[in-house]
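Quick mapping for you: the protein sequence lines, in order, are chains A and B. For the first sequence, numbering that gives the first Met the number 0 gives the first residue as 0, with consecutive numbering after it. For the second sequence, numbering that gives the first Met the number 0 gives the first residue as 0, with consecutive numbering after it. Take a look at the structure below.
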Amino acid sequence: MRQIYLDYAATTYIDPIVLNKMLPYLKENFGNPSSLYSIGRQAKTGIEYARVSIAKILGASSQEIIFTGSGTESDNLAIFGVAKFYQNKGKHIIVSKIEHKAVLEAAKKLEKEGFEIIYLDVDSKGLVNLSELKKSLRPDTILVSVMYANNEIGTIQPIAKISEIIREFKKENLLPLFHTDACQAAGALTLNVKKLGVDLLTINGSKIYGPKGVGCLYKAKDIKLDPIIVGGGQENNLRAGTENVALIVGFGEALKLAEKLRLRESRRLKKLRDYLIKRILKIVSHSQLNGHPEKRLPNNINISIASIEGEALVLMLDKYGISASTGSACTSNSLDPSHVLLATGLAPELAHGSLRLTLGRKTTKMDIDYVLKILPEIIYKLREISSMSLNYKK
Amino acid sequence: MKYKKVKKLKGDVIYSGDKYKEKSWVYSGIVKDHFFHPRNVLLDDTYYKADGIGVAGSPACGDMMIVWIKVDKKNQKIKECKWRTFGCASAIASTSMMSVMVTENGGMDIKKAMNLKPQQILERLGGLPDRKFHCSVLGDIALREAVKDYLSKKSEKNIKNAKRKKTIKK
């Protein structure tokens with residue numbers, strides 16, 4: 000049976016070129032990068048090479064890159080690190096309502112510890128309310144965290160504008176700092192921290208055809224953080240633990256490759272994306288697009304289909320070899336559907352009936368046409384047994 | 000090749016090696032079968048004359064079921080149970096299984112149907128993950144509502160008949 004992977008926003012496969020660069024560090028170059036002898040130094044070189052290549056893409060210096068164990072860890076390090084270090088200057092933090100759980104849950108934890116958190120509203124397309132941000136900034140605000148591009152609905156936030164608002168507010172002061180989670184943006188949008196005007200930026204390996212279990216945090220030079228993990232003082236005393244050399248090397252290679260392919264691949268995916276969206280909305284009655292029609296990631300499609308539940312839809316698609324995902328409660332551990340879709344004001348039943356398809360390097364027009372053939376059949380089948388479709392039969 | 004049972008967790012068997020691949024679907028084989036081949040779905044309700052209708056759940060919660068039943072007037076057993084469900088795979092499968100359980104072996108007595116427990120449906124499905132338990136609770140609620148609906152219609156009819164008899168007598 001045909002296997003069509005359309006969940007590239009969940010994770011990607013490792014590009015063979017990347018894997019090849021990683022393999023020596025899993026075999027002969029096994030040394031501890033902190034050791035002084037030759038295989039230790041080789042490992043160290045591998046890490047530093049990756050650091051320099053990532054820094055170059057971010058328009059930063061290599062001392063500003065901290066390797067971590069995941070995007071989640073980088074987000075956590077940014078939020079907890081800033082909160083703990085600067086809590087004497089203020090205990091006020093601003094995040095958007097549609098952040099990844101790695102940011103939201105970290106913020107909620109701080110809230111319990113006595114920090115005051117403002118959750119910024121978004122409009123129906125998922126864009127952060129900038130005037131609300133302006134009003135929310137206070138002298139005791141230490142951190143603002145708004146994600147670059149959303150993982151569920153693909154909406155791209157005006158990061159440069161947000162950093163401008165913050166800069167106008169703080170003038171010559173250091174605080175508030177601005178962090179952005181750019182895990183989904185990597186490989187699709189520019190990551191230049193100077194252009195974006197951010198102080199902290201998170202990316203990881205598993206969304207850019209690199210390995211899982213590795214990420215990094217960009218931290219501007221003059222900013223201090225309180226580490227979460229302490230020990231042997233690796234990563235400039237900010238993230239202790241022997242570095243996972245192979246993963247870091249793979250991460251560096253993956254980002255280099257993603258940046259090289261970025262413009263060409265984005266153009267190609269955008270065409271496929273728009274074709275798929277247009278066709279689905281035309282073929283499937285009572286369906287709607289979630290997120291922004293233009294300011295969205297080139298590979299992201301998120302639609303809501305009335306009177307169908309997303310988990311059932313995803314399992315049916317899986318039967319036909321199509322891998323997709325949903326914002327329905329049934330795939331999460333809670334009973335509530337996606338917090339992102341609800342924040343955009345979508346009715347809960349439509350959030351339960353959401354389907355996310357994310358395209359990637361191996362997606363072809365033929366794959367899209369296959370989906371366009373299978374999807375309406377499945378929707379018809381599920382609507383036939385759905386109690387909600389009695390109102391508008393077929 | 001013999002497979003080794005590794006660990007037992009609440010009716011869920013985790014196997015090592017190749018067996019894991021066969022076992023890797025999210026739910027049991029019975030759930031899978033009822034999800035892909037649901038039994039007793041009412042495809043068109045336009046001309047369907049049910050003796051009782053029951054609804055449970057709400058779209059906002061992500062699960063909603065409608066159950067239609069036909070009752071044999073002589074022995075008070077359910078002779079037909081039709082349904083439609085908006086919900087996830089386990090909600091669909093548990094309503095389907097419920098409809099099979101109340102109609103098999105000549106039909107279930109309505110008193111027994113009123114007392115059908117979600118655990119009984121769960122057992123027949125070969126278990127569900129813990130967080131999916133609420134999906135199987137709704138099927139029996141909808142069934143109970145349908146039986147109640149049937150009973151209230153019946154008593155209404157009896158009252159009407161009694162009234163008619165009275166007027167004839169007068």
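For each residue, glycine too, the CB sits at the ideal point set by N, CA and C.
**Prompt:** Any C-beta of chain A sitting closer than 8 Å to the C-beta of B/L121?
**Reply:** B/L121 is outside the set of residues whose beta carbon lies under 8 Å from a beta carbon in chain A.
**B/I91 to B/F34 span [Cα, whole Å]** = Distance between the alpha carbons of B/I91 and B/F34 is about 6 Å.
**Message:** The beta strand (DSSP E) that contains A/H178, what's its start and end?
**Reply:** If you look at A/H178, you'll find it in the beta strand (DSSP E) that goes 176-180.
**Spatially closest choice to A/I307 from A/L126, A/L57, A/Q156, A/E376, by CA coordinates** = Comparing Cα-Cα distances from A/I307 to each of A/L126, A/L57, A/Q156, A/E376, the minimum goes to A/E376.
**Prompt:** According to the neighbour-count rule (16 or more other Cβ atoms, all chains shown, within 10 Å of its Cβ), is A/M0 buried or exposed?
**Reply:** A/M0 is exposed by the Cβ-count criterion.
**Three-way DSSP call (helix, strand, coil) for B/R130 in this model** = Correct three-state label for B/R130: helix.
**Item:** CA-to-CA distance, B/A88 to A/K223, given in whole angstroms
**Value:** Approximately 49 Å between the Cα atoms of the pair.
**Message:** Considering Cα atoms alone, identify which of A/A101, A/N235, A/I3, A/L176 is closest to A/S33.
**Reply:** Looking at the Cα atoms, A/N235 is the closest of the given residues.
**Prompt:** Out of curiosity, what's the CA-to-CA distance linking A/I152 and A/M146?
**Reply:** Straight-line Cα distance between these residues: approximately 12 Å.
**B/C87: contacting residues in chain A (beta-carbon distance under 9 Å)** = Residues of chain A passing the Cβ test: E308, G309, E310, A311, L314, S327, A328, C329, T330, H351.
**Asked** What does A/P336 reach in chain B if we use C-beta pairs closer than 7 Å?
**Response** Within 7 Å Cβ-Cβ: G61.
**Asked** With 16 as the cutoff for other CB atoms within 10 Å, does A/E310 come out buried or exposed?
**Response** It is buried - the Cβ of A/E310 has at least 16 other Cβ atoms within 10 Å.
**Prompt:** Under 8 Å between C-beta atoms, does B/V40 make it to chain A?
**Reply:** Yes - at least one Cβ of chain A is within 8 Å of the one on B/V40.
**chain B within 8 Å of A/E112, Cβ atoms only** = So no, A/E112 is outside the interface.
**Message:** Assuming A/V121 and A/A342 are in contact, meaning their beta carbons sit under 8 Å apart, how far apart are those beta carbons, in whole angstroms?
**Reply:** The distance from the Cβ of A/V121 to that of A/A342 is about 5 Å, consistent with a contact at the 8 Å cut-off.
**Request:** Check B/E21 in the structure and name its three-state DSSP category.
**Result:** Any reading at B/E21 is ruled out, since the residue's pLDDT is 49, under 50, leaving its predicted position unreliable.
**Asked** Are the C-beta of A/P292 and some C-beta of chain B separated by less than 8 Å?
**Response** Interface annotation, A/P292: not in contact with chain B, CB-CB separation never under 8 Å.
**Request:** Mind the definition here: the region 95-109 of chain A touches the region 259-278 of chain A only if three or more C-beta pairs lie below 8 Å; say whether that holds.
**Result:** In short, these stretches do not touch, since the Cβ pair count stays below three.
**Request:** Give the residues of chain A in contact with B/I77, contact being defined as C-beta atoms less than 9 Å apart.
**Result:** Chain-order list of chain A residues neighbouring B/I77: empty, with the shortest C-beta distance near 19 Å, by a criterion of under 9 Å.
**Alpha-carbon to alpha-carbon, A/L349 and A/A54** = Between A/A54 and A/L349, the alpha-carbon positions lie close to 41 Å from each other.
**Request:** Could you say which of A/I141, A/Q183, A/G196 lies nearest to A/I164 if we only look at CA atoms?
**Result:** Across the set A/I141, A/Q183, A/G196, the C-alpha of A/G196 shows the shortest separation from the C-alpha of A/I164.
**Message:** Is it buried or exposed, A/I384, if we count other Cβ atoms within 10 angstroms and call 16 or more buried?
**Reply:** Under this definition A/I384 is a buried residue.
**Request:** Pull out every residue of the region 261-285 of chain A whose Cβ sits closer than 7 Å to any Cβ of chain B, in chain order.
**Result:** Against chain B - using a Cβ distance shorter than 7 Å - the region 261-285 of chain A contributes no residues.
**Prompt:** Which runs of the beta strand (DSSP E) fall wholly inside the region 85-124 of chain A and span at least 3 residues, in chain order?
**Reply:** Counting only runs of 3 or more, we get 91-95, 115-119.
**Request:** Using a cut-off of 9 Å between C-beta atoms, extract the partners of A/E383 located in chain B.
**Result:** Residues of chain B passing the Cβ test: V40, L42, R83.
**Message:** Let me make sure I understand the geometry here. Which of A/D366, A/H338, A/C215, A/A59 has the alpha-carbon closest to that of A/Y118?
**Reply:** Looking from the CA of A/Y118, the closest CA among A/D366, A/H338, A/C215, A/A59 belongs to A/H338.
**Message:** In whole angstroms, give me the CA-to-CA distance for B/G16 and B/S57.
**Reply:** Residue placement at B/G16 is flagged as unreliable, the pLDDT there being 49, under the threshold of 50; the coordinate-derived value follows with that caveat. One C-alpha to the other measures close to 41 Å.
**Request:** Tell me, please, whether the region 27-43 of chain A touches the region 355-363 of chain A by the rule of three or more beta-carbon pairs shorter than 8 Å.
**Result:** Output reads no: the region 355-363 of chain A does not touch the region 27-43 of chain A.
**Asked** Under three-state DSSP, which class holds B/N114?
**Response** B/N114 sits in coil when the DSSP states are folded into three classes, being neither helix nor strand.
**Request:** Pull up the CB-CB distance for B/Y47 and B/W24, whole angstroms please, since I reckon it's below 8 Å.
**Result:** 33 Å between Cβ atoms; not a contact.
**Message:** Contact defined as beta carbons within less than 8 Å: I believe B/V54 pairs with B/G125. What is the distance between those atoms, to the nearest angstrom?
**Reply:** Actually they are not in contact, since the Cβ atoms of B/V54 and B/G125 sit about 27 Å apart, beyond 8 Å.
**Prompt:** Residue ranges of each alpha helix (DSSP H) run of no fewer than 4 residues wholly in the region 196-280 of chain A, ordered along the chain?
**Reply:** DSSP runs (the alpha helix (DSSP H)) wholly in the region 196-280 of chain A: 233-236.
**Prompt:** When you compare each of A/L246, A/L381, A/Y217, A/H285 to A/M21 by their alpha carbons, which one comes out closest?
**Reply:** Checked all of A/L246, A/L381, A/Y217, A/H285; the closest Cα to A/M21 is A/L246.
**Message:** Which same chain residues end up closer than 7 Å to A/G204 when comparing Cβ atoms and leaving out the 5 residues on each side of it in sequence?
**Reply:** Take A/G204, set aside five residues on each side of it, and the residues of its chain with a beta-carbon closer than 7 Å to its own are P210, K211, V213, G214, L246, G249, F250, A253, in chain order.
**Prompt:** Within 8 Å (strictly less), CB to CB, does B/F34 reach chain A?
**Reply:** Taking Cβ atoms only, chain A reaches closer than 8 Å to B/F34, which makes this a yes.
**Request:** Step through the CB atoms of chain B and report whether any lies within less than 8 Å of the CB of A/E376.
**Result:** By this cut-off, A/E376 is not an interface position.
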